[in-house]
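S.K.: Going down the list, the sequences are from chains A and B.
Mapping of the first sequence onto numbering that gives the first Met the number 0: residues 0 to 159, in sequence order.
Mapping of the second sequence onto numbering that gives the first Met the number 0: residues 0 to 543, in sequence order.
We put the beta carbon where it would ideally sit given N, CA and C, even for glycine.
Note that the structure is predicted; figures quoted are calculated from it, not measured.
Sending over a structure as C-alpha cells; questions will come in a sec.
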Amino acid sequence: MSDTLDLQPAEQGAGEGWRLDGDGSFTAAPMPTLDLLLEPEAVQDLGLANLLPLQSIGLVFKTPHDGRSFSLARRLRNAGFDGRLVALGRLMPDQARHAMQSGFDGLWLEQDLVERHNEAAWRAALDVVVARLYSQQRLPASLAGRLAGPDIWQQRSQGQ
Amino acid sequence: MYAYDTFDQTFVDQRAAEFRDQINRRLSGALSEDEFKPLRLQNGLYLQLHAYMLRVAIPYGVLNARQLQMLGDLADRYDKGYGHFTTRQNIQYNWTKLSDVADMIDALASVQMHAIQTSGNCIRNVTTDAYAGVAGDEWLDPRPTAELLRQWSSLHPEFAFLPRKFKIAVLGAAQDRAAMKFHDIGLWAKLDDAGQPIYDIWVGGGQGRTPRVARLFQKAVPLADLLPTLDAMLRVYNLAGRRDNKYKARIKILIDEMGLEPYRAAVAEELGQIDRSVFAPALGEYRRIAAQFETAQRPALQGQKLPQGSPAFQAWLQQNGMAHKVPGYAAIAISLKAKGAIPGDASGAQMRAVAALAERYSASELRVSHRQNLVLPWVKLNDLEELYHALLEQDLAEANIGLASDIIACPGLDYCALATARSIPVAQALSHRLRERERLQGPLDLSLNISGCINACGHHHAANIGILGLNRTETETYQISLGGRADEDAKVGDILGPGFSQDQVPEVIETLIDTWQALRADGEDFATTYARVGKQPFKEAVYV
Chain A
0 MSDTLDLQPA
10 EQGAGEGWRL
20 DGDGSFTAAP
30 MPTLDLLLEP
40 EAVQDLGLAN
50 LLPLQSIGLV
60 FKTPHDGRSF
70 SLARRLRNAG
80 FDGRLVALGR
90 LMPDQARHAM
100 QSGFDGLWLE
110 QDLVERHNEA
120 AWRAALDVVV
130 ARLYSQQRLP
140 ASLAGRLAGP
150 DIWQQRSQGQ
Chain B
0 MYAYDTFDQT
10 FVDQRAAEFR
20 DQINRRLSGA
30 LSEDEFKPLR
40 LQNGLYLQLH
50 AYMLRVAIPY
60 GVLNARQLQM
70 LGDLADRYDK
80 GYGHFTTRQN
90 IQYNWTKLSD
100 VADMIDALAS
110 VQMHAIQTSG
120 NCIRNVTTDA
130 YAGVAGDEWL
140 DPRPTAELLR
150 QWSSLHPEFA
160 FLPRKFKIAV
170 LGAAQDRAAM
180 KFHDIGLWAK
190 LDDAGQPIYD
200 IWVGGGQGRT
210 PRVARLFQKA
220 VPLADLLPTL
230 DAMLRVYNLA
240 GRRDNKYKAR
250 IKILIDEMGL
260 EPYRAAVAEE
270 LGQIDRSVFA
280 PALGEYRRIA
290 AQFETAQRPA
300 LQGQKLPQGS
310 PAFQAWLQQN
320 GMAHKVPGYA
330 AIAISLKAKG
340 AIPGDASGAQ
350 MRAVAALAER
360 YSASELRVSH
370 RQNLVLPWVK
380 LNDLEELYHA
390 LLEQDLAEAN
400 IGLASDIIAC
410 PGLDYCALAT
420 ARSIPVAQAL
430 SHRLRERERL
440 QGPLDLSLNI
450 SGCINACGHH
460 HAANIGILGL
470 NRTETETYQI
480 SLGGRADEDA
490 KVGDILGPGF
500 SQDQVPEVIE
510 TLIDTWQALR
520 ADGEDFATTY
530 ARVGKQPFKE
540 AVYV
C-alpha cells in the first residue's frame, strides 16, 4: 500500500450518458467530472486515507455480477469519506438500490446501457418496491424518496 | 415459532411483487438471460436440464403445518406431484414453468414463506440443528440467532453480488447436527457466566472440489459484536475473494491463500471503521425474536409414559425418536428414505398427510433436517404409538434415521445442469440393499452420502462412506471416500482409490460394510473403526 498517491483527474467529459441521482432524478449528462475514477482491483494498492480528502470519486462496476464496488463504497463511507460517490459501468436498474444503500450518491450510465434497459426502467429504478430493509447502514444525505428513512429494526424499536 | 408481523409480511409481499416484475421483464425481453440470471438466482430460480427449478426457503428448517400443506399443494399444482427436501433444509420443485413462478411466490407469501436468497452469490438460507429448541444437549436455542441473521442478510445491498455463495450455520448444543464446520461461517452459540449468548465463530469450511473443515476465527464473541463482526468478515471477503475462477471464489480459498492471521487482521481493521450504531437495534430485535420462541415452548407434562407397543414400534422409536429437553415429550424424525425411495422426495399427498399429523400430534410444528428428513418436535409420549400407526398408513414409518440407508443424495444428472453423473439411481439401488441388510442384521451405524458431481451438494466429503459420481470419457464413474464426518469432530473423507462403474457400486459398498463389521470392536460405529484402523484394510478388501 503506497503512502502517497499521485492523483490524476479521471478522463472527464468523454461520452454521452445519463445520471441517476439519489432523489430519483434521471437526466441526460456527460460523464461527470470526478477527482478519481477507480476500478475495484486498483483499490488494494491505495491507502484509504489518501482518498478521504477528495471531493468526488467514481467507482466502476465491470459486470453486474461483480459487487466489489458496493463494499468499496461502504468502506469509504465508514472511513469518513463525505464527498460525492458515483457508480459507473455495467449496472442494471435493479442494482440502483444496492448502490444507494451502499453509500453512493448517484449513478452515471452510458447511453447504450440506458437504451438496453429502456429509459423508463431507469427512471423507475429508485421507486423500488422493497423500500425498507431490516437493517440499513447510514445512507447518503442526498438520498430522498422511498429509500430514505428508518429501517425496520429502528421502526420496531421505536414502536412504529 | 417465529410469526411474521406487519413489517415481515410487507417485506415478503413487496419482494414477491418485485420478482413478478423481473420475470415479466425477462419474458418481454427487456432483461437478457445473462442479466436475469443473478436476479432469478437471488430468488431461488435455477435453469436446470429440463425445466426451471424453484428452491423455496425454509428458514433454519422450521415449518408449521399450514406451510407444509401449502408446499404439498404447490407440488401438485405446479410440479409433477413431488417436492425435494434439500441439505440446506429447503425444498425445491424441479418442474416449474417460468410463467407460474410469480404465482407460486405469491402463494408462499400468503403463508409467510418466500424463496429469497436460496441461491445466487449471496448469503443463503441460514441453517441449524433440526432439533433446535427441543434437544436435550442444547445450551441455547439457536433459532433466534438464525432469525436475526435471516433478517439482517435479506436483500443486503452490499452482499448480494459476492464472489460466490455464502452459507452460515448456527448451533447451540454440544453435538453438531447441522454440519456447522462445513460452512463458510459457522456460529457455535454458548452462554457466558451471566447467561448471555456468546458465539465461537468458525470460518472457511466448505465442500465442493476443495473441501475444508472450518477453522476457529474467534471465541466467545458477545451478541452485541456478532453483526459488526460478520459485517466486517463479509466485506473483507467481498473485496478480496477471487473473482477470476468460480471454483476458487469461496471464502475457504481466500483463507487458504491469505492465511487465517492476515484475514483476522484485515477483519479487525475493518471492524475499527464500522459504525456500530447501525447495529444497536439488533439486541432488542434478538430479544423480541427470542421471546416468540420462548412463548412457543411447552411446559413439562405429567402422566406421560413411553408406551410398550410392538417390537416394530420399539425399533422405530429407538431409531427415529430423540430424547426431549422437556419431560413428557419426544422428538420424532420421519424418514424420507424408504426402501428404494429418492432421498428427500415427498409427494404432495405425503406432505399434506404429515402436515395433518403435525397439527394433531406436534403443536402444528415441523422441522426439516439437513439429512433430508422431517421432524415432529413436540410429540407427547402417550401419543407415540398412535402416531406410529398413522405414519405406517402413509408409508412414512421407516425406522432408519442415522443409519446407512438414511442416504443423503443430490438430484444428480437426472435434473441438475451441473451434474456429471446420476446419483438418484445409485441411491435407490443402495437403499434396497442396505435396508434389506439392516432388516437382517440390525442397525448399520454409518453415514452414506452421494454427490453427482464435484460440487458436492450430496455432502459426500462429510460421510463415513462418500460416493462421488464423475464422468470419465463418457462413462459414469463413482469414486469412494471413507472416514468423513459432519459432526463436531468434522473431517473430510479419504479417497479410497480408482472409481467404479454404477453397476459395481452396490457390491463395493457391501464389501466395505463387511470389512467394517469384521474389524469393529463391540458396538463401534464406522467412523470410530475407520479412525482406528485406517484406509488400508478397506482398500485391500475392495481392490483385490
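Should Gly66 of chain A be flagged as near chain B, meaning a C-beta pair shorter than 8 Å?
M.R.: The count along the first sequence starts at 1 and reaches residue 66 of chain A at position 67. Yes, its Cβ sits closer than 8 Å to a Cβ of chain B.
S.K.: Could I get the ranges of all uninterrupted beta strand (DSSP E) runs contained in the region 359-401 of chain B, with 3 residues as the minimum, in chain order?
M.R.: Runs found: 364-367 and 373-379.
S.K.: In chain order, what residues of the same chain lie with their CB nearer than 8 Å to the CB of Ser500 of chain B, ignoring the 5 residues before and after it?
M.R.: The residue you call residue 500 of chain B lines up with position 501 of the second sequence. So the qualifying residues of the chain are Thr474, Glu475, Thr476 and Tyr477.
S.K.: Counting pairs of Cβ atoms below 8 Å between the region 85-102 of chain B and the region 320-329 of chain B, do you hit three or more?
M.R.: Touching, no, given that fewer than three Cβ pairs across the two stretches are closer than 8 Å.
S.K.: Please state whether DSSP places Tyr198 of chain B in a helix, a strand or coil.
M.R.: As a first step, residue 198 of chain B must be located in the second sequence, where it is residue number 199. Note: Tyr198 of chain B maps to strand in three-state DSSP.
S.K.: Do Gln371 of chain B and Leu335 of chain B count as a contact pair if the criterion is CB distance below 8 Å?
M.R.: Position 336 of the second sequence holds residue 335 of chain B. Position 372 of the second sequence holds residue 371 of chain B. The answer is yes: Cβ separation under 8 Å.
S.K.: Report yes or no: is there a C-beta of chain B within less than 8 Å of the C-beta of Ser70 of chain A?
M.R.: For the purposes of this step, residue 70 of chain A is taken as residue 71 along the first sequence, with counting starting at 1. Chain B contact via Cβ: present.
S.K.: Helix, strand or coil, according to DSSP, for Val127 of chain A in the structure here?
M.R.: As a first step, residue 127 of chain A must be located in the first sequence, where it is residue number 128. Coil.
S.K.: On the criterion of 16 or more Cβ atoms from any shown chain inside 10 Å, does Arg438 of chain B qualify as buried, or is it exposed?
M.R.: For this step, residue 438 of chain B is matched to residue 439 along the second sequence. It is exposed - the Cβ of Arg438 of chain B has fewer than 16 other Cβ atoms within 10 Å.
S.K.: What is the rounded straight-line gap between the Cα of Phe158 of chain B and the Cα of Phe525 of chain B?
M.R.: Looking up residue 158 of chain B in the second sequence gives position 159. Looking up residue 525 of chain B in the second sequence gives position 526. Distance between the alpha carbons of Phe158 of chain B and Phe525 of chain B: 40 Å.
S.K.: Determine the DSSP secondary structure at Gly411 of chain B, reduced to helix, strand or coil.
M.R.: Position 412 of the second sequence holds residue 411 of chain B. In this structure, Gly411 of chain B counts as helix in the three-state DSSP scheme.
S.K.: I'd like to check one pair, Ala455 of chain B with Gly483 of chain B: are the Cβ atoms closer than 8 Å?
M.R.: As a working mapping, residue 483 of chain B is identified with position 484 in the second sequence. As a working mapping, residue 455 of chain B is identified with position 456 in the second sequence. No.
S.K.: Determine the direct distance from the alpha carbon of Ser55 of chain A to that of Met0 of chain A, and round the result to whole angstroms.
M.R.: On the first sequence, residue 0 of chain A is found 1 positions in, with the first residue counted as 1. On the first sequence, residue 55 of chain A is found 56 positions in, with the first residue counted as 1. Confidence at Met0 of chain A is low in this model, with a pLDDT of 32, below 50, so its placement is unreliable and the value that follows should be read with caution. Approximately 21 Å between the Cα atoms of the pair.
S.K.: Work out the CA separation of Ala72 of chain A and Leu227 of chain A for me, nearest whole Å.
M.R.: What the structure shows of chain A is the stretch from 0 to 159, and residue 227 of chain A is not part of that stretch, so it cannot be assessed.
S.K.: Taking DSSP as the reference, what is the three-state secondary structure of Gln91 of chain B?
M.R.: Residue 91 of chain B sits at position 92 when you count from the first residue of the second sequence. The answer is strand: DSSP assigns Gln91 of chain B an E or B state.
S.K.: Pick out whichever of A:His64, A:Pro139 and A:Gly79 has its Cα sitting closest to the Cα of Lys245 of chain B.
M.R.: Numbered from 1 along the second sequence, position 246 holds the residue referred to as residue 245 of chain B. Checking every option, the nearest Cα to that of Lys245 of chain B belongs to A:His64.
S.K.: So, helix, strand or coil for Arg83 of chain A, using DSSP?
M.R.: Indexing the first sequence from 1 puts residue 83 of chain A at position 84. Three-state result, Arg83 of chain A: strand.
S.K.: Could you check whether the Cβ of Val129 of chain A sits closer than 8 Å to any Cβ belonging to chain B?
M.R.: Mapped onto the first sequence, residue 129 of chain A falls at position 130. Yes, because at least one Cβ of chain B sits closer than 8 Å to the Cβ of Val129 of chain A.
S.K.: Would you check if there are 3 or more beta carbon pairs closer than 8 Å linking the region 347-357 of chain B to the region 53-67 of chain B?
M.R.: Contact holds: three or more Cβ-Cβ distances are below 8 Å.
S.K.: Locate the alpha helix (DSSP H) running through Trp515 of chain B, then write down its first and last residues.
M.R.: The residue labelled residue 515 of chain B in the question sits at position 516 within the second sequence. First-last of the alpha helix (DSSP H) with Trp515 of chain B: Val504 to Leu518.
S.K.: State the DSSP-derived secondary structure class of Ser404 of chain B, mapped to helix, strand or coil.
M.R.: For the purposes of this step, residue 404 of chain B is taken as the residue at position 405 of the second sequence. Coil.
S.K.: May I ask which residues mark the beginning and end of the alpha helix (DSSP H) holding Gly283 of chain B?
M.R.: Position 284 of the second sequence, counted from the first residue, corresponds to residue 283 of chain B. Where Gly283 of chain B is concerned, the enclosing alpha helix (DSSP H) stretches over Pro280 to Ala295.
S.K.: Alpha carbon to alpha carbon, how far is Ala345 of chain B from Gly80 of chain B?
M.R.: As a working note, residue 345 of chain B is residue 346 in the second sequence. As a working note, residue 80 of chain B is residue 81 in the second sequence. Cα to Cα, Ala345 of chain B sits roughly 9 Å from Gly80 of chain B.
S.K.: Under a CB-based cut-off of 8 Å, is Pro63 of chain A close to chain B?
M.R.: For the purposes of this step, residue 63 of chain A is taken as residue 64 along the first sequence, with counting starting at 1. Closer than 8 Å to some Cβ of chain B, the Cβ of Pro63 of chain A qualifies, so yes.
S.K.: Return the CA-CA distance between Ala398 of chain B and Phe312 of chain B, expressed in angstroms with no decimal places.
M.R.: What you label residue 398 of chain B is simply residue 399 of the second sequence in a count that begins at 1. What you label residue 312 of chain B is simply residue 313 of the second sequence in a count that begins at 1. Going from the Cα of Ala398 of chain B to the Cα of Phe312 of chain B covers about 9 Å.
S.K.: So, helix, strand or coil for Ala95 of chain A, using DSSP?
M.R.: On the first sequence, residue 95 of chain A is found 96 positions in, with the first residue counted as 1. Three-state DSSP puts Ala95 of chain A in a helix.
S.K.: Give the straight-line distance between the Cα atoms of Ala279 of chain B and Leu108 of chain A, rounded to the nearest whole angstrom.
M.R.: The sequence position of residue 279 of chain B within the second sequence is 280, counting from 1. The sequence position of residue 108 of chain A within the first sequence is 109, counting from 1. Each residue's alpha carbon lies about 36 Å from the other.
S.K.: Considering Val532 of chain B, what are the terminal residues of the alpha helix (DSSP H) in which it resides?
M.R.: Here residue 532 of chain B is taken as the residue at index 533 of the second sequence, counted from 1. From DSSP, the alpha helix (DSSP H) with Val532 of chain B extends over Phe525 to Val532.
S.K.: Our contact map puts Val541 of chain B next to Leu495 of chain B with C-beta atoms below 8 Å; I'd like the distance itself, whole angstroms only.
M.R.: Taking the second sequence and counting its residues from 1, the one referred to as residue 541 of chain B is at position 542. Taking the second sequence and counting its residues from 1, the one referred to as residue 495 of chain B is at position 496. So it is a contact: roughly 7 Å between Cβ atoms.
S.K.: With 7 Å as the limit, tell me which residues of the region 236-266 of chain B have their beta carbon closer than that to any beta carbon of chain A; keep them in chain order.
M.R.: Within the region 236-266 of chain B, the residues whose Cβ lies closer than 7 Å to some Cβ of chain A are Asn237, Leu238 and Arg242, listed in chain order.
S.K.: Could you name the residues of chain B that Asn49 of chain A contacts, counting a contact when the two beta carbons are closer than 9 Å?
M.R.: As a working note, residue 49 of chain A is residue 50 in the first sequence. Under the 9 Å cutoff, chain B gives no residues; its nearest Cβ is about 15 Å from Asn49 of chain A.
S.K.: Can you tell me whether DSSP reads Phe103 of chain A as helix, strand or coil?
M.R.: On the first sequence, position 104 is the one that residue 103 of chain A refers to. Correct three-state label for Phe103 of chain A: coil.
S.K.: Kindly indicate which three-state DSSP category Trp138 of chain B falls into: helix, strand or coil?
M.R.: Walking along the second sequence from the start, residue 138 of chain B turns up at place 139. Correct three-state label for Trp138 of chain B: coil.
S.K.: Is any beta-carbon of chain B found at less than 8 Å from that of Asp81 of chain A?
M.R.: For the purposes of this step, residue 81 of chain A is taken as residue 82 along the first sequence, with counting starting at 1. So no, Asp81 of chain A is outside the interface.
S.K.: From Thr3 of chain A to Phe80 of chain A, what distance separates their C-alpha atoms?
M.R.: On the first sequence, position 4 is the one that residue 3 of chain A refers to. On the first sequence, position 81 is the one that residue 80 of chain A refers to. Only weak support is given to the placement of Thr3 of chain A: the predicted model assigns it a pLDDT of 33, under 50, and the value that follows is read from those uncertain coordinates. Cα-Cα distance, rounded: 17 Å.
S.K.: Locate the alpha helix (DSSP H) running through Gln535 of chain B, then write down its first and last residues.
M.R.: Against the second sequence, residue 535 of chain B aligns to sequence position 536. Where Gln535 of chain B is concerned, the enclosing alpha helix (DSSP H) stretches over Gln535 to Val541.
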